[in-house]
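Asks: For the sequence shown, my numbering begins at 1 and goes up steadily by one. Backbone N, C-alpha and C define an ideal beta-carbon position, used for all residues, glycine too. Structure incoming, see below.
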Amino acid sequence: MVTDEAGVPAVDASVGTTSSSQPAAPLDPNKPSSSEKTAVGLDCYDKTLAQPSMICDDDRRPVCGCDGKTYKNACEAGKAGVMHYKWGPCSKTTRTAAQ
1 MVTDEAGVPA VDASVGTTSS SQPAAPLDPN KPSSSEKTAV GLDCYDKTLA
51 QPSMICDDDR RPVCGCDGKT YKNACEAGKA GVMHYKWGPC SKTTRTAAQ
């Protein structure tokens with residue numbers, strides 16, 4: 001299991017699951033990339049994956065997106081097109097580093 005420095009399971013939406021076996025939005029390799037890179041060179045956001053009309057349930061397990069924003073849950077992050085996130089809200093340090 002891949003974790004961050006705090007021991008929180010890391011998530012890679014491109015794999016289709018989180019490292020703790022939670023489902024994540026799969027990537028479509030046939031779609032053109034229109035992504036932004038994170039500070040470590042990973043694709044962070046892909047507007048072709050954003051699904052603003054998708055309806056997410058009321059799950060309240062926040063995730064910290066690679067863009068430094070806290071989303072209510074993994075579905076909301078995926079809905080925004082965020083490709084990588086970790087469980088839990090973003091810290092002030094995470095938000096600052098992503099900007």
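Would Cys64 pass as a contact of Tyr85 if the rule is Cβ separation under 7 Å?
Replies: Taking the sequence shown and counting its residues from 1, the one referred to as residue 64 is at position 64. Taking the sequence shown and counting its residues from 1, the one referred to as residue 85 is at position 85. Contact flag set, yes.
Asks: Out of Glu76, Gly78, Gly81, Thr70, state which residue places its alpha-carbon closest to the alpha-carbon of Lys92.
Replies: Position 92 of the sequence shown, counted from the first residue, corresponds to residue 92. Ranking Glu76, Gly78, Gly81, Thr70 by Cα distance to Lys92 puts Thr70 first.
Asks: Out of Pro89, Gly68, Asp67, Ala77, which one is the CA nearest neighbour of Cys56?
Replies: As a working note, residue 56 is residue 56 in the sequence shown. Checked all of Pro89, Gly68, Asp67, Ala77; the closest Cα to Cys56 is Ala77.
Asks: Looking only at C-alpha atoms, which of Pro89, Gly68, Lys79, Trp87 sits nearest to Ser53?
Replies: The count along the sequence shown starts at 1 and reaches residue 53 at position 53. Among Pro89, Gly68, Lys79, Trp87, the Cα nearest to that of Ser53 is on Lys79.
Asks: Contact check, Trp87 vs Arg61 under 8 Å by CB: the rounded distance?
Replies: Residue mapping note: residue 87 aligns to position 87 of the sequence shown, counting from 1. Residue mapping note: residue 61 aligns to position 61 of the sequence shown, counting from 1. Confirmed, about 7 Å.
Asks: Near Cys75, what residues of its chain come up, given a Cβ to Cβ distance below 6 Å and the 5 sequence neighbours on each side ignored?
Replies: Here residue 75 refers to the residue found at position 75 of the sequence shown. So the list reads Cys56, once near-sequence residues are dropped.
Asks: Whole angstroms is fine: what's the gap from Lys72's alpha carbon to Gln51's?
Replies: Mapped onto the sequence shown, residue 72 falls at position 72. Mapped onto the sequence shown, residue 51 falls at position 51. Their Cα atoms are separated by approximately 16 Å.
Asks: Would Lys47 pass as a contact of Gly81 if the rule is Cβ separation under 7 Å?
Replies: Your numbering for residue 47 matches position 47 in the sequence shown. Your numbering for residue 81 matches position 81 in the sequence shown. Yes, Cβ-Cβ distance for Lys47 and Gly81 is below 7 Å.
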